[in-house]
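For the working numbering, add 35 to where a residue sits in the sequence shown, where the first one is 1. Read the structure below first, then the notes.
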Amino acid sequence: MTIPQYSVPTGAVEIDDPFWSPWLTRNREVTLEHQYDQLEAVGSLENFRLAGEGPGTGEATAAAGEFSGMWFQDSDAYKWLEAASYELAKADDPDLRERVDEVIDLIATAQEEDGYINTYFQLVEPDGKWTNLHLMHELYCGGHLIEAAVAHYQATGERGLLDVATAFADHVDDVFPHEVDGVPGHEEIELALVKLYRVTGEKRYLDLAQYFVDLRGHDDRLAWETAHLDEIGGHAYSELPQGRGDQIMDAAVNLFVEDGEYDGNYAQAHAPVREQDTVEGHSVRAMYLYAAVTDLVAETGDGELWAAMDRLWRNMTTKRMYVTGGIGPEHDHEGFTEDYDLPNETAYAETCAAIGSIFWNQRLFEHTTDPKYADLIERALYNGFLAGVSMDGTEFFYVNPLASAGDHHRKGWFTCACCPPNAARLFASLGQYCYSTADGELYVTQYVGSTVETTVDGTDVELTQSSALPWDGSVEIAVDADGSVPVNLRVPGWCDEATVTVDGEVVSGGATSHDGDGVTSHDGAGHVRLERDWDDETIELDFELEVELLRAHPAVGSAAGRVALKRGPLVYCAEGVDNDRPLHQYAVDTGGELDVDHDPDLLGGVTTVETEAVVPDIDGWDGELYRPDEEADRESTRLHAVPYYAWDNRDAGSMQVWIRSERA
């Protein structure tokens, strides 16, 4: 039994795209190598070597050099393995395969006889296992181990890492709820257990995932978590080895402590999942939880859980999400705050959170085939996620603000390095987000040049697409199948006019609708549905690309009197390096012309946007700090903007997504 996480697995898709292929090549040839070197440099792999030598004494400390990094350091290695496994699923690479096998051997040797593996506890606190689920990350790390194992098994057919993962899962199944009755503070094990169930057919893994989801947010668990809030394996925070982010975690959780009691919000434990109405707490944890819950809905048909997912998605997308698709504005707890609180320069918008949103929305799409979820994946892919990686593939944003004074830059690695390997595994698995065979039909969900070979309701299909997005709206798709297959083509939410032809015959044209009204040959939900016996027919799509000036809801104070530039899937920003004046002096003329130009030599080849703007006339201000408004003359100029994902890849300087406008 080898059911893929999504209906079209990574290995079934070969990407050849002028925009995405350079990113994917860098990921394979540069980023994975860079990240492996970092795992060695910071001691992540050495932790496994040390754990494999035998049990710890309980006295090891990071300062003594016996354990390195944060207590969830294992997860970085697991995510690297998952990314590398996706690459092996697409093409054999003997050198990469050898390195992967070496890391797997390290992990297998470190695992204890009962299946337990977590190098922090094995080396530092061997008597502290499962004593603080809320703050320590045993189940989180184990979830990433399982995800890596499933990816490796599906890529290679080899069981080595899968056996390690199943042994760990069996150990967890023995412990929970028989010896310990509780839920993890950082969700991840839940979605991983569903993956393991789908690969092995062992229903107890699905049941265990359901147990963790159902128990979260109940009062007795909240009381247990509160009682253990200040302890980790019998140690106070102040006694833990320093330099591993302990103070950050302390500050984060304390944000949700009132009258000495923890309210559960930080870890989405403020209420049972079925009763939750708003996205709360740590944004990455929330996305991983919601992804798992959506998996459970797909497996069980649980209507209450589905209703909760729908409520939470609507709250996030209509009141708590950045225009880039980024989520989580608060630094102290890396997460959500309240409706319409979306600051720009202090935005957190963690790269991992955008990735988690993509994970969740792909599951939502697979369950419903509603194109609004694929639209959000596209928004996050091109903006909230892609900005998190430098164009040379060696530096990363953990935090993605929408404005900067020029002092925010990517880094090669972090003390808490969750984002770099998370980005690597998303790049490596991009193909599985481009297509779906849900409900016995083929869906083209992302327009990325590629070839997919799959089976739709028993019929073999080969589809090849070439795409000029995001710079141009032309897409060409060739379809060949052994019989009749419905092919559904997503009309992006940003597109007001689209034309679709098959072998030159127009089958759909004119204004598209995303509110249920539909147009000719549309299914009324943002898809063009074409059903026929396919014999190398060619579909041509033309999506109109126009620059839009966007405004935020009036309740978003940080965007009041400002506009953002968007063209197709791309959000744009102004950088100081492209503009003569400080960015705060510009005000966009909302009635002015918007010009686009593709520059093949700029930032790897990008389409830029120029808009008419006004700036203060600085003549005559000598010796004056203030003057009457009628005497403060202005002059016309041009504001230059580049895609948001490309910012901070040149000289350091200021950046703004939301620009002041002439019309408030």
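Every residue, glycine too, gets a C-beta built ideally from N, C-alpha and C.
DSSP lists Val623 as the bridge partner or partners of Ser696. Asp632 has Thr643 as its beta-bridge partners, per DSSP.
In the three-state scheme derived from DSSP, where H, G and I count as helix and E and B as strand, Arg669 is classed as strand. Under the three-state reduction of DSSP, His675 is assigned to strand. In this structure, DSSP gives Phe431 an extended state, which the three-state scheme calls strand. In the structure shown, Gln481 adopts coil according to DSSP, grouped into three states.
Listed in chain order, the non-local C-beta contacts of Glu401 below 8 Å within the same chain comprise Tyr41, Ser42, Ala333, Ser471 and Ala473, local neighbours out to five positions each way being set aside.
Here Glu148 is exposed. Its C-beta has fewer than 16 other C-beta atoms within 10 Å. Rounded to whole angstroms, the gap between the alpha carbons of Arg460 and Ile574 is 31 Å. A distance below 9 Å separates the beta carbons of Arg251 and Leu324. Contact between the region 371-381 and the region 399-414 is absent, with fewer than three C-beta pairs closer than 8 Å. A contact between stretches requires three or more CB pairs, one per stretch, nearer than 8 Å, and the region 342-349 fails this requirement with the region 590-610. Under the DSSP definition of a beta bridge, Thr494 partners with Val491. A check of alpha carbon separations from Arg602 across Val138, Asp615 and Pro527 identifies Pro527 as the nearest.
By the beta-carbon neighbour count (other beta carbons within 10 angstroms, threshold 16), Ala302 is buried.
Cβ atoms of Ser392 and Ala415 come within 8 Å of each other, at about 5 Å. With respect to Leu180, Pro219 sits apart: the two C-beta atoms are not nearer than 9 Å. Distance between Glu666 and Leu674, taken at the CA atoms: about 24 Å. The C-beta distance from Ala622 to His444 rounds to 28 Å, too long to fall under 8 Å, and the pair is not in contact. In the structure shown, the three-state DSSP call for Asp140 is helix.
When rounded, the separation of the alpha-carbon atoms in Ser671 and Arg685 is 27 Å. A Cβ-Cβ separation of about 3 Å places Phe578 in contact with Gly508 under the 8 Å criterion. Per DSSP, the continuous beta strand (DSSP E) segment holding Gly518 begins and ends at Ser509 to Arg525.
Inter-residue distance for Pro44 and Ala118 is about 14 Å (C-alpha atoms, whole angstroms). Contiguous alpha helix (DSSP H) elements confined to the region 397-445 occur at 406-414, taking only those with 4 or more residues. With 16 or more neighbouring CB atoms inside 10 Å of its own CB, Ile224 falls in the buried class.
Here the alpha carbons of Thr372 and Asp312 stand approximately 14 Å from one another. If you draw a straight line from the Cα of Leu67 to the Cα of Leu131, it comes to about 9 Å. Listed as beta-bridge partners of Gln691 by DSSP are Ala438 and Ala609. Ranked by Cα distance from Ala681, the first of Tyr246, Leu629, Arg695 and Ala609 is Ala609.
By a beta-carbon distance limit of 8 Å, Thr386 contacts Cys454. Their separation comes to about 4 Å.
If one requires a minimum length of 4 residues, the alpha helix (DSSP H) runs lying completely within the region 299-351 are 318-335, in chain order. Between the alpha carbons of Ser696 and Thr625 lies a gap of roughly 7 Å. DSSP places Tyr661 outside both helix and strand once states are collapsed to three, so it counts as coil.
Three or more beta-carbon pairs separated by less than 8 Å are not found between the region 609-618 and the region 534-543, which leaves the two stretches without contact. In this structure, Asp111 sits away from Ser425, with a CB-CB distance that is not shorter than 9 Å.
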